[in-house]
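Okay, structure first, notes after.
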Amino acid sequence: KQEVTQIPAALSVPEGENLVLNCSFTDSAIYNLQWFRQDPGKGLTSLLLIQSSQREQTSGRLNASLDKSSGRSTLYIAASQPGDSATYLCAVPSSGGYQKVTFGTGTKLQVIP
Amino acid sequence: SAVISQKPSRDICQRGTSLTIQCQVDSQVTMMFWYRQQPGQSLTLIATANQGSEATYESGFVIDKFPISRPNLTFSTLTVSNMSPEDSSIYLCSVRLNEQFFGPGTRLTVL
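Listed in order, the protein sequences are those of chains A and B.
Position one of the first sequence corresponds to residue 1 (the numbering used here), numbered consecutively onward.
Position one of the second sequence corresponds to residue 1001 (the numbering used here), numbered consecutively onward.
This is the structure we're talking about:
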């Protein structure tokens, strides 16, 4: 059974700081890994999708890396802004099923102006 | 990509009643997924809905409590039956193409 853990659970940083969010998964036989953002009381917005054959993906100030062998992914946010404040979730397909996805526990980010 | 809408966006319900949540996708998809997110928690998959067949429920979720309909390839409903305060959650509809897409969620509060 796939298990996904995110560290830290919460993070508070001053505006402008670069930061890294971590995601660990137990079954390295994954198809891909996806990072989401969730604002309070809202649905999930997809940020980045990394295929299993890729090592990283970039979108604007966001960079996600993937190391399948060690079961880890990181989300790097450059020059953080107050608008980045949200909960960030990583998700990987569950073992034995491409369609079923296991979500991490989330990192709640607060960027202080 | 896929654009997903859900109705209602939020509701406050009395204990013992039922609520049906609707999910509409702008493209035809084989599978639709229903998730629950309890306060302060991550997402938990309730069931997978295939068009023309019974939904597949995850451990801990049963059809009598969460009946699902999937009448066509773009629409699904989830009913939360005989509600109790423990059912207060955000319910999310999702589809998976190459990546996963989510609806805006339905925020349910049960008094």
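Ideal Cβ placement from N, Cα and C applies to all residues, glycine included.
Please read these numbers as outputs of a predicted model, since none were measured by experiment.
Starting from residue i, find everything on chain E with Cβ-Cβ shorter than 8 angstroms and list it in chain order.
i, result
"Gly106(A)", "Of the protein chains in the structure, A and B, none is chain E."
Once DSSP output is grouped into helix, strand and coil, what is the label at residue i?
i, result
"Asp1011(B)", "strand"
"Pro82(A)", "helix"
"Glu1054(B)", "coil"
"Pro8(A)", "coil"
"Pro1085(B)", "helix"
"Asn63(A)", "strand"
"Val13(A)", "strand"
"Leu1097(B)", "coil"
"Glu3(A)", "coil"
"Tyr88(A)", "strand"
"Ala1049(B)", "strand"
"Leu1073(B)", "coil"
"Pro93(A)", "strand"
"Gln1006(B)", "strand"
"Gln1024(B)", "strand"
"Asn18(A)", "coil"
For residue i, tell me which candidate among the options has the shortest Cα-Cα distance.
i, options, result
"Glu17(A)", "Pro93(A), Thr87(A) and Ala78(A)", "Ala78(A)"
"Leu75(A)", "Pro82(A), Pro93(A), Gly83(A) and Arg55(A)", "Arg55(A)"
"Cys1093(B)", "Gln51(A), Leu44(A) and Cys90(A)", "Leu44(A)"
"Gln1014(B)", "Phe1075(B), Asp1087(B) and Tyr1091(B)", "Asp1087(B)"
"Pro113(A)", "Val13(A), Glu3(A), Gln6(A) and Gln2(A)", "Val13(A)"
"Ser1084(B)", "Glu1054(B), Gly1016(B) and Glu1058(B)", "Gly1016(B)"
"Val1095(B)", "Ser1081(B), Ser1027(B), Ser1009(B) and Ile1012(B)", "Ser1027(B)"
"Gly116(A)", "Thr1020(B), Ser1009(B) and Leu1019(B)", "There is simply no residue 116(A) to check, as chain A begins at 1 and stops at 113 in what is shown."
"Val1025(B)", "Phe1033(B), Leu1019(B) and Asn1082(B)", "Phe1033(B)"
"Ile50(A)", "Ser65(A), Asp84(A) and Arg61(A)", "Ser65(A)"
"Ser70(A)", "Ser52(A), Val20(A), Asn63(A) and Glu15(A)", "Ser52(A)"
Under 8 angstroms between beta-carbons, which chain A residues line up against residue i? List them in chain order, please.
i, result
"Arg1107(B)", "Gly41"
"Thr1103(B)", "Sequence inspection shows Gly at residue 1103(B); the Thr mentioned does not correspond to that position. Neighbours of Gly1103(B) on chain A, chain order: Gly43."
"Leu1092(B)", "Gly43 and Leu44"
Output, in chain order, the set of chain A residues within a Cβ distance shorter than 7 angstroms of residue i.
i, result
"Leu1045(B)", "Lys100"
"Glu1099(B)", "Gln34, Ser46 and Leu49"
Residue i touches chain A at which residues, Cβ-Cβ below 9 angstroms?
i, result
"Leu1019(B)", "Those do not exist, as Leu1019(B) stays about 17 angstroms from chain A at its closest Cβ, beyond 9 angstroms."
Which chain B residues are close to residue i, counting only those with a beta carbon under 7 angstroms from its beta carbon?
i, result
"Ser89(A)", "The displayed chain sequence assigns Leu, not Ser, to residue 89(A). Chain B residues near Leu89(A): Ser1042."
"Phe103(A)", "Ser1042 and Leu1043"
> Taking one C-beta from the region 1063 to 1074 of chain B and one from the region 1041 to 1052 of chain B each time, how about it: are there three or more such pairs within less than 8 angstroms?
Replying inline: Contact holds: three or more Cβ-Cβ distances are below 8 angstroms.
> Three or more C-beta pairs closer than 8 angstroms, one from the region 1002 to 1020 of chain B and one from the region 1093 to 1107 of chain B: is that the case here?
Replying inline: yes
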